[in-house]
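Right, one structure below, let's go through it.
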Amino acid sequence: MFIASQILVAISTVILITYSVMEVKRETILICNIAINLLLAFHYALLQSYTGAICTGIIALMVFTFYFKNKVCRNIQILMFIFFLFSLIISGILTWEDAWSAVSVIGNILLAVALWNNNEKIIKALFIIIGILWIALNIHLKSTVAIIGQILSVSSNVIYFAGIFYSKIRAKL
Numbered sequence: 117m118f119i120a121s122q123i124l125v126a127i128s129t130v131i132l133i134t135y136s137v138m139e140v141k142r143e144t145i146l147i148c149n150i151a152i153n154l155l156l157a158f159h160y161a162l163l164q165s166y167t168g169a170i171c172t173g174i175i176a177l178m179v180f181t182f183y184f185k186n187k188v189c190r191n192i193q194i195l196m197f198i199f200f201l202f203s204l205i206i207s208g209i210l211t212w213e214d215a216w217s218a219v220s221v222i223g224n225i226l227l228a229v230a231l232w233n234n235n236e237k238i239i240k241a242l243f244i245i246i247g248i249l250w251i252a253l254n255i256h257l258k259s260t261v262a263i264i265g266q267i268l269s270v271s272s273n274v275i276y277f278a279g280i281f282y283s284k285i286r287a288k289l
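One rule links them: number in the working numbering = place in the sequence shown (from 1) + 116.
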């Protein structure tokens, strides 16, 4: 089971790293995150981290609905967002294992906020914070490939911002 979980997280990491270093549209980020979160939900289930598995599964469903959020009125959009935040909190309570369960809930709430946003830069900035939370959780779960993947993901997003900063400084010279 452990090896299967590591293979799933490796695939999700390849998808994450691929778009992290590129300038992409929100829609691309959402499509990639549906696949990533489904893979990670199975990864956490195989590691018997049920809060992580359920919260990540909820995020996959949420991301799918967020993809279509601009096709519904603003009030429905807000209700969708509140529903998913409430679902994450309730699932965290119902599957509580230990204090590490809080990391899954908080990280996924931040992920919901990031993916709700329409600004790629805000999404990627929040991904840095979320990645640090996932690094801590995966150290606890001893998921080596997930740790490496999140370090690469955080690094990719930091490189993305460094590139933007460098471009702005270079343009001023």
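For every residue, glycine included, the Cβ atom is placed at its ideal position computed from N, Cα and C.
Which same chain residues, not among the five before or five after residue i, have their C-beta less than 7 Å away from its C-beta?
| i | result |
| --- | --- |
| Ala157 | Ala169, Thr172, Gly173 and Ala176 |
| Ser203 | Ile174 |
| Ile222 | Leu249 |
Taking the alpha carbon of residue i as the point to measure from, which residue in the options has its own alpha carbon closest?
| i | options | result |
| --- | --- | --- |
| Leu257 | Ser165, Ala228 and Leu268 | Ser165 |
| Ala235 | Arg142, Trp212, Asn186 and Asn254 | The question names Ala, but residue 235 is Asn in the sequence shown. Measuring from the Cα of Asn235, the nearest candidate turns out to be Arg142. |
| Thr167 | Asn273, Asp214 and Phe118 | Asp214 |
| Val140 | Tyr276, Leu155 and Ile245 | Tyr276 |
| Gly279 | Met138, Phe184, Cys189 and Ile209 | Met138 |
| Thr129 | Ser207, Ile192, Cys189 and Gly247 | Gly247 |
| Ile119 | Ile209, Val261, Leu289 and Thr211 | Val261 |
Looking only at its chain, what residues have a beta carbon closer than 8 Å to the beta carbon of residue i, apart from the 5 residues adjacent to it on each side?
| i | result |
| --- | --- |
| Phe182 | Leu146, Met196, Leu231 and Trp232 |
| Ile251 | Ile263, Gln266, Ile267 and Val270 |
| Ser259 | Ser121, Gln122, Val125, His159 and Leu163 |
| Tyr135 | Thr144, Ile145 and Cys148 |
| Ile255 | Ile263 |
| Asn191 | none |
| Leu289 | none |
Using three-state DSSP, classify residue i as helix, strand or coil.
| i | result |
| --- | --- |
| Asn186 | helix |
| Leu163 | coil |
| Thr172 | helix |
| Val270 | helix |
| Glu143 | helix |
| Met138 | coil |
| Thr211 | coil |
| Asn235 | coil |
| Lys258 | coil |
| Leu289 | coil |
| Met117 | coil |
Pull up the CB-CB distance for residue i and residue j, whole angstroms please, since I reckon it's below 8 Å.
| i | j | result |
| --- | --- | --- |
| Val179 | Asn224 | So it is not a contact: roughly 11 Å between Cβ atoms. |
| Ser217 | Leu162 | With a Cβ gap of about 17 Å, Ser217 and Leu162 do not count as contacting. |
| Ile131 | Ile152 | 5 Å |
| Leu249 | Val219 | 6 Å |
| Asn273 | Ile244 | 5 Å |
| Leu155 | Ile194 | Not confirmed; about 29 Å, so no contact. |
| Phe184 | Ala228 | The Cβ separation is near 16 Å, so there is no contact. |
With a cut-off of 7 Å, does the C-beta of residue i fall near any C-beta of chain D?
| i | result |
| --- | --- |
| Asn153 | In the structure shown, chain D does not exist; there is a single protein chain. |
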